[in-house]
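There are 2 protein chains.
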Amino acid sequence: MDEESGALPPKEKFSEWYNDILWKAEIIDVRYPVKGLYVWYPHGFAIRKNAYGVLRELLDRDHQEALFPLLIPATEFMKEAEHIKGFEEEVYWVTKGGTGELDIPLALRPTSETAIYPMYALWVRSHADLPIRLYQVVNTFRYETKHTRPLIRLREITSFKEAHTVHTTWEKAEEQVESAVTLYKEFYERLCIPLIISRRPAWDKFPGADYTIAVDTIMPDGKTLQIGTVHHLGDHFSRTFNITYEDEKGEQKFAQQTCYGISERCIAALLSIHGDDHGLILPPEIAPVQVVIVPIVMGKRRDEILSYAIALETTLKEKGLRVKVDGRDIRPGAKYYYWEMRGVPLRLEIGPRDIDARVVTAVSRDGIKRTLPRDRLIEDVRLLFTAFEERLRTRAQASLDQHITRVTLIDQIQDAIEKGVAIGQWCGGLECAQQIEQQSGGSVLGTISGADETLGGKGTCVVCGSSATATLIGRAY
Amino acid sequence: MDEESGALPPKEKFSEWYNDILWKAEIIDVRYPVKGLYVWYPHGFAIRKNAYGVLRELLDRDHQEALFPLLIPATEFMKEAEHIKGFEEEVYWVTKGGTGELDIPLALRPTSETAIYPMYALWVRSHADLPIRLYQVVNTFRYETKHTRPLIRLREITSFKEAHTVHTTWEKAEEQVESAVTLYKEFYERLCIPLIISRRPAWDKFPGADYTIAVDTIMPDGKTLQIGTVHHLGDHFSRTFNITYEDEKGEQKFAQQTCYGISERCIAALLSIHGDDHGLILPPEIAPVQVVIVPIVMGKRRDEILSYAIALETTLKEKGLRVKVDGRDIRPGAKYYYWEMRGVPLRLEIGPRDIDARVVTAVSRDGIKRTLPRDRLIEDVRLLFTAFEERLRTRAQASLDQHITRVTLIDQIQDAIEKGVAIGQWCGGLECAQQIEQQSGGSVLGTISGADETLGGKGTCVVCGSSATATLIGRAY
């Protein structure tokens, strides 16, 4: 928590920038003595809290929040074969309680299907009980053997929002998948983060799902980051856990399910996509401090200016803004540096001349300076916020677009993924995907649905020439 | 989630009542397939969320929320000898990751001193860094071998609010202890729960603390429930984890610490103390639904009455109340039963005659019926809430008082704890405590500070006749 911690590496050295910003902006302390486990500083925690507040607000429209246990008995966890196979290398096991061995080992949830669905089997009786739409925000665990990275590849995912729904028919579950994708789009729109939505290849879907829709964004280094997934589970789990309902005709049927999740990777994307060489840039809705007031105090009018700043803080707080006066006894430049690092969207400077002229000097985090009349400051600040968010969205979208290259020949893919991702036509075949991956060094990440008119579309496979779909190819985190 | 689940056992059969209300009011499902782990239903979760919302609001005045990992390496966990001894029988150990053994076993935190204090050792450098006041709300784990009980004795405590503070001097840490007790009093005042504050005997303090202040309440069966503790840690942990600061004179000193926690036992107390034979009774601030509107629809005016009810719901929601119209096609009596079970503080009934007379019939959860003019309903509802809360407080305090017997002779203690707790004088000596416990069958729970004028006070020990302090003796959960 040292203020004079020196400059950030430039953002184009993204990996270094990322490592540095985490502690300079007080997001995460990486010095916890277990690999892959990290500590959230209060400032990071407040960003997380606001982002998940938005997510909860959207979910609460037609979901309910619940909470299921962390520990899953091996007997339940081992029931769904495909699911286990997908996770067995990654599960932490509790084998001891006190000084003795447990009779049945307990898994730390890597995800909660096997914790939740035995309860759904008890809860679901009739079609009148459906749909069920529950979610929880919990810590989940993966015994990662790869290189771990704060907020991105973790052993304790501290903030996994997972929703689990139950429906009568496959089609209704499919509608839920679409509804979840729409919800995730809305969530990331609020975070000003642009997305690419695609359908993962069969070999890359969630273990036990019919299919997986993925929500990716592109990080500043051109690699994709998966920041949400939505799974149609069909009746795989309902058959395993015996989740059945009586339909209108009195027949017993297996329920159809979906699940979808977002982890703290949403925070990784938020920090990485908007930040610059000076630090974080936070959308006002997410910023723990939305407005910092810096009194420019010199000489005789010191007390007057400080009181004026505090009065202004009170007024803005009463209107629901998160405001802080920085009254510390350091020079204004050091304060600017401090609050820019932490991503505060708007700085208000108040000096003697501002008071005399009944104005406030407003500087947005992306450098736009204006003089605002004191009397209608609230309205103006709100307008500045809206414009600021719009600029963040536009800037982020432009950066994403810059990283995308449309390709028509397989030979173009390698160059394309040097600077980001390629979108090219792929037939869906495993062999063609392997050839694409071998030749380009990238991964076939997913097919882009026709609904996405900007990126999607039909064509012929860059390998075999058969009928094909626009496909995202790149290097993924 | 069956509506026609039959009547509750009477509350005087408290243990049966408690088990039943948990599922009839949709708080907790106890059928999860591991002993001591439970599932929060959405309604229970919403109560929990509101209660912890109040707690966070109080803490956020001068604390900051952070988040530390669940997993504590054995090497850190084993550092503080006294602390380990207190927990070694109760700790869950992760020993496997994937298919291999871990090099260093990881404890699931039973409490987070050993996770947090290695970080404090890194963060604290100078007296200027102090005080630190952080808290987190997390899941913690105890391998309970005793009989488990939902919300009260758990293997996964899902909602442990733990605060950890660091100070320069022992006296400042003591001030923090007092400030924490005041905060907890305020929290439970908001929940309308009366308290007894005492200082635990030396043998019952937190492992590694100088002393422990306990916050107890009395449950309907007369047993005490510990619903909060505050510990002065002195420099026990700062010496172990090397948390030192440089004071004004440039000398290195060990920091002084406190910690204090509240678990979901606060919810157990909330449900148990206020509920009655018909179900929960929730203070308005905590109730997920504060007002239920029941349209009394009959015959021709059905649609009109329903629209009127929905319009009323909208109006009240706009004013920030949590309101629900129950428009289900079942008889009003069934709706009353349903919402009474779930503890909704206020029911508004709307029939044809209410509409014609521009009034609403309001029935509070404790049975007080009034006719309110439609035009100033918001104000009246707010007043009803305040009066309702006051009645809850008075009723709960009266019940607590009834359970307390002041005793002057050791022979009176056994009778006193048949109906609740005894308060008698005790000198502080171990042998006298043992004699009290053997003869009465109760436990010496703590000495009541002189500051509590109602219950406290000095006198002579009921065993040895030496100078003594008022002491709480009873049976604890």
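Order-wise, the sequence lines are chains A and B. Using our numbering, you'd call the opening residue of the first sequence number 495 and step up by one each time. Using our numbering, you'd call the opening residue of the second sequence number 495 and step up by one each time. For every residue, glycine included, the Cβ atom is placed at its ideal position computed from N, Cα and C.
When you compare only the Cα positions, how much space is there between residue i and residue j?
i, j, result
"B/Thr634", "B/Gly936", "29 Å"
"B/Ala856", "B/Glu843", "6 Å"
"B/Arg969", "A/Ala615", "39 Å"
"B/Lys590", "B/Thr948", "54 Å"
"A/Asp704", "A/Ser732", "13 Å"
"A/Arg822", "B/Val875", "45 Å"
"A/Ile907", "A/Ile942", "17 Å"
"A/Glu807", "A/Ile787", "7 Å"
"B/Val957", "B/Gly951", "17 Å"
"A/Val618", "A/Pro714", "45 Å"
"A/Pro826", "A/Ile790", "7 Å"
"A/Gly940", "A/Cys926", "13 Å"
"A/Ala545", "A/Ile775", "14 Å"
"A/Thr711", "A/Ile898", "11 Å"
"B/Cys773", "A/His661", "According to the sequence shown, residue 773 of chain B is Gly rather than Cys. Distance between the alpha carbons of B/Gly773 and A/His661: 31 Å."
"A/Glu779", "A/Ser801", "27 Å"
"B/Ile849", "B/Glu812", "21 Å"
"B/Asp496", "A/Ala892", "Unreliable positioning characterises B/Asp496 in this predicted model, as indicated by a pLDDT of 43, which lies under 50. The coordinate reading is nonetheless provided below. Computed Cα separation, rounded: 53 Å."
"B/His726", "B/Pro695", "14 Å"
"B/Glu884", "B/Ala781", "15 Å"
At which residues does the beta strand (DSSP E) containing residue i begin and terminate?
i, result
"B/Val938", "Ser937 to Thr941"
"A/Ile967", "Ser961 to Gly968"
"A/Asp848", "Where A/Asp848 is concerned, there is no enclosing beta strand (DSSP E), although the alpha helix (DSSP H) it sits in stretches over Pro846 to Asp850."
"A/Ser620", "From DSSP, A/Ser620 is part of no beta strand (DSSP E); its letter is neither H nor E."
"A/Gln919", "Val915 to Trp920"
Could you confirm whether any beta carbon from chain A is found closer than 8 Å to the beta carbon of residue i?
i, result
"B/Ala749", "no"
"B/Asn633", "yes"
"B/Phe562", "yes"
"B/Met572", "no"
"B/Trp517", "no"
"B/Gly592", "yes"
"B/Glu650", "yes"
Using 8 Å as the limit for Cβ to Cβ distance, is residue i near chain B?
i, result
"A/Arg836", "no"
"A/Trp833", "no"
"A/Asn544", "no"
"A/Glu497", "With a pLDDT of 48 at A/Glu497, under the threshold of 50, the modelled position of this residue cannot be trusted, and the question is left open."
"A/Ala803", "no"
"A/Gln558", "yes"
"A/Arg525", "yes"
"A/Phe681", "no"
"A/Leu765", "no"
"A/Tyr586", "yes"
Rank the options by C-alpha distance to the C-alpha of residue i and give the top, closest one.
i, options, result
"A/Val724", "A/Ala667, A/Arg759 and A/Ala762", "A/Ala667"
"B/Glu972", "B/Glu638, B/Pro644, B/Arg825 and B/Phe581", "It is not possible to answer for residue 972 of chain B, since the shown part of chain B is limited to 495 through 971."
"B/Arg859", "B/Leu549, B/Phe882, B/Met713 and B/Arg852", "B/Phe882"
"A/Val838", "A/Pro695, A/Gly538 and A/Ile930", "A/Gly538"
"B/Glu873", "B/Gly814, B/Gly959, B/Thr706 and B/Thr752", "B/Gly814"
"B/Ala851", "B/Ile862, B/Leu840 and B/Leu866", "B/Leu866"
"B/Gln932", "B/Gly769, B/Ile904 and B/Leu894", "B/Ile904"
"A/Arg542", "B/Leu561, B/His557 and B/Lys543", "B/Leu561"
"A/Asp514", "A/Asp771, A/Tyr637, A/Lys794 and A/Leu727", "A/Asp771"
"B/Ala890", "B/Met572, B/Ile824, B/Glu669 and B/Ile690", "B/Ile690"
"A/Lys507", "A/Trp833, A/Glu812, A/Met835 and A/Ser766", "A/Ser766"
"A/Glu912", "A/Gly923, A/His768, A/Gln896 and A/Gly500", "A/Gln896"
"A/Gly861", "A/Pro846, A/Leu871 and A/Leu840", "A/Leu840"
Span of the alpha helix (DSSP H) holding residue i?
i, result
"B/Val724", "Taken as a continuous stretch (DSSP letters only), B/Val724 belongs to no alpha helix (DSSP H), being part of the beta strand (DSSP E) at Thr718 to Gly728."
"A/Trp1004", "Any property of residue 1004 of chain A remains undetermined from this structure, which presents chain A solely from 495 to 971."
"A/Ile907", "Ile907 to Glu912"
"A/Ser766", "Arg759 to His768"
**Request:** Check whether the segment 569 to 579 of chain B touches the segment 816 to 832 of chain B, taking contact to mean three or more Cβ pairs, one atom from each stretch, closer than 8 Å.
**Result:** no
**Item:** At least three beta-carbon pairs within less than 8 Å, the segment 551 to 560 of chain B to the segment 674 to 682 of chain B
**Value:** yes
**Asked** Does the segment 524 to 540 of chain A come close enough to the segment 649 to 662 of chain A that 3 or more CB-CB pairs lie under 8 Å?
**Response** These segments touch.
**Prompt:** Pairing CB atoms from the segment 909 to 920 of chain B with CB atoms from the segment 958 to 965 of chain B, are three or more of them under 8 Å?
**Reply:** yes
**Asked** Taking three-plus beta-carbon pairs below 8 Å as touching, is the segment 585 to 601 of chain A in contact with the segment 585 to 603 of chain B?
**Response** yes
**Three CB pairs or more closer than 8 Å across the segment 598 to 609 of chain B and the segment 603 to 610 of chain A** = No: the two stretches stay apart, fewer than three of their Cβ pairs being nearer than 8 Å.
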